[in-house]
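These notes are about the structure you will find just below.
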Amino acid sequence: MARSWILHVDLDQFIAAVELLRHPELRGRPVVVGGSGDPTAPRTVAATATYEAREHGVHSGMPLRTALRRCPDAVFLPSDPPAYEAASERVMAVLRELPVLVEVWGWDEAFVGATVDDPEALAAGLRAAVLDRTALSCSVGIGDNKHQAKLASAFAKPGGIFRLTGENWAEVMNDRPTDALWGIGARTAKKLAGLGLRTVADLAAADPAELARAFGPVNGPWYHYLALGRGEAEVVTTPWVARGHSRETTFARDLTDRDAVAAQVAELAGQVASDAAAAGRLCARVTVKVRFTPFLTRTRQSTLPVATADARVLTEAALAVLGRFDLDRPVRLLGVAVEYTPPEA
DNA sequence: TCTGGGGTCCTAGGACCC
DNA sequence: TCTGGGGTCCTAGGACCC
């Protein structure tokens, strides 16, 4: 009997796979992608690493200098976001040609909604179509909702299909730590453990009211809901409307000069303004972010009297916000973020 | 492992208003 | 004048995700 399913399509090693299509001679070699491709650049991290590089202990998020130490034979490639964006669009276009609902969820993943008898057959069809048309491999998770489908695709990697529904949820998930759930990370897992809740089963059996006291009225009950295997089940096909936008830069060497700091903030504000104008959006609020050495991050924000995408106005506002910081320590990062007004109807 | 860049949503406290 | 209850907006920070 046909019923509705949520599938999560997750491209395998997406960035690395795109790079290997462009550089087939590197197949089988350890490859690390990140920054401008210079592994000696400080304060630069890996966007991804191939399985061959992972065997040497390299992983995404690792400083390139560390990756170079661990795997001196690795090939280091610069990150090329426009290429990944283009590859992503080709994949999503393939999915949209199929008789399913498609909700894009970032560069390398999408949720698919369909009503079918045999979801494994649909998943195999999606995988084959993507591989045939783009030469990229993906894994597919099948669930009753997005949360289950998302976890299922991770179990399916690489290049497989896995079904996680209400039927096998407890069997598959109950003994796993709480941070196996999508939306519970290391910090929350630790706090849960402090309450004696270590596994998904523990959390599923917990009192939502007690969780609300510890984590807030929305988050607490939400964690309980996740532990039961529940989640959003509606596939939204309308394009995502960004809530805001930001630009930030980590400097290879700390900034200590006030004027240099102000100049960088003005530069970032100008970029954000032109991004907003290009997107046809207005900015309602400006936030300046300063990361001091060592790694102490502070933000200050202000609501604009009138929403705008005017570069001069945004730059002045950002500089005024910057003026509220104590710039008494070396600065390693500066950022400017804006919150958009909802788009005109 | 001296720790990127770009997002989203929630929380808590205070201001302010009726 | 020893003092309620609620609603909304603003700000700073935290957590999580890719």
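Going by UniProt numbering, the first residue of the first sequence is number 1, and it counts up by one from there.
Note that CB positions come from ideal geometry on N, CA and C, so glycine has one too.
- Per DSSP, Glu344 is not a residue of any alpha helix (DSSP H), being assigned neither H nor E.
- Between the C-alpha atoms of Thr237 and Val100 there is a straight-line separation of about 10 Å.
- When C-alpha distances from Ser139 are compared across Leu126, Thr287, Pro81 and Leu95, the shortest belongs to Leu126.
- Under the Cβ criterion (8 Å, minimum of three pairs), the stretch 265 to 279 counts as touching the stretch 304 to 316.
- Taking 8 Å as the cut-off, the beta carbon of Glu85 is found no closer than this to the beta carbon of Leu11.
- By the C-beta criterion, the stretch 26 to 42 is judged to be in contact with the stretch 66 to 79, since at least 3 inter-stretch pairs fall below 8 Å.
- By alpha-carbon distance to Thr341, the top candidate from Val321, Ala277, Ala273 and Ala307 is Ala307.
- Taking the Cα positions, Glu103 is about 16 Å away from Val130.
- Here the alpha carbons of Pro177 and Ala124 stand approximately 30 Å from one another.
- When DSSP reads this structure, Trp5 sits in a beta bridge with Ala114.
- Counting the other Cβ atoms within 10 Å of the Cβ of Arg332 gives 16 or more, which makes it buried.
- About 14 Å separates the CB atoms of Arg300 and Glu339; that is not less than 8 Å, and the two are not in contact.
- Shortest Cα-Cα distance from Met62 to any of Pro72, Asp73, Glu55 and Thr44 involves Thr44.
- Around the C-beta of Val241, fewer than 16 other C-beta atoms lie within 10 Å, and the residue is accordingly described as exposed.
- For Pro208, the uninterrupted alpha helix (DSSP H) segment begins and ends at Pro208 to Phe215.
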